[in-house]
Amino acid sequence: MILRHEMDYKKRPIMTNYDIESKDFSLSPLGLHLLRNKFNYKTINLADVDKAYFTRAPETKNVALALLIGVVFVVFAIYSAICVYDDFHDPLAYHIYIESIMLPVFPLLAGSYCIYIAVKKIPLLIIELKNKKYKLSVVDVINTGQLYELESYLKEKLNARFYTGSM
Numbered sequence: 001m002i003l004r005h006e007m008d009y010k011k012r013p014i015m016t017n018y019d020i021e022s023k024d025f026s027l028s029p030l031g032l033h034l035l036r037n038k039f040n041y042k043t044i045n046l047a048d049v050d051k052a053y054f055t056r057a058p059e060t061k062n063v064a065l066a067l068l069i070g071v072v073f074v075v076f077a078i079y080s081a082i083c084v085y086d087d088f089h090d091p092l093a094y095h096i097y098i099e100s101i102m103l104p105v106f107p108l109l110a111g112s113y114c115i116y117i118a119v120k121k122i123p124l125l126i127i128e129l130k131n132k133k134y135k136l137s138v139v140d141v142i143n144t145g146q147l148y149e150l151e152s153y154l155k156e157k158l159n160a161r162f163y164t165g166s167m
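According to the numbering used here, the sequence shown is numbered sequentially starting from 1.
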């Protein structure tokens with residue numbers, strides 16, 4: 001038996017015998033494994049899960065903040081575009097710098113992206129414990145065609161604690 005402090009970090013074995021594997025999580029008889037770069041950083045015992053269900057929700061944790069930042073960027077871009085337009089029609093403005101013309105473009109793109117990620121909904125697997133809630137993306141599971149297997153696996157392991165709903 002190798003003790004944890006005796007094992008070198010780079011020689012740590014990667015568990016690859018998962019029943020279902022995704023980018024963010026994997027399922028095995030030991031439980032739900034949360035992954036980063038295919039390394040297990042946390043294992044949740046399936047007996048500790050109070051509730052699990054599929055839903056469509058935004059992937060970002062703070063939707064209001066992303067939406068606010070996006071709106072601020074877009075408003076700034078519109079304001080600076082109006083100022084550039086006024087400079088073009090001002091008879092006293094002799095020089096209009098290219099930087100002032102390009103200034104509205106980048107905040108408009110950044111703001112549009114922030115608004116997009118705030119309102120974009122993706123399929124998620126919500127795992128609720130007593131004091132914690134995990135949102136796990138199931139996009140790669142759907143892309144690989146394993147959604148039915150994931151659903152039947154969770155029904156088998158969690159029984160009445162797994163709720164099926166529309167996704």
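Every residue, glycine too, gets a C-beta built ideally from N, C-alpha and C.
Linking Gln146 to Glu156 through their CA atoms gives a straight-line distance of about 15 Å.
Counting only the Cα atoms, Ala118 lies some 7 Å from Thr60. Here DSSP, grouped into helix, strand and coil, assigns Leu103 to coil. Per DSSP, Gly70 is one residue of the alpha helix (DSSP H) stretching across Val63 to His89.
Around the beta carbon of Cys83, a 10 Å sphere encloses fewer than 16 other beta carbons of the protein chains shown; the residue is thus reported as exposed. With respect to the 9 Å criterion, Gly111 and Ala77 are classified as neighbours on the basis of their beta carbons.
With respect to Gly70, Tyr116 sits close: the two C-beta atoms are nearer than 9 Å.
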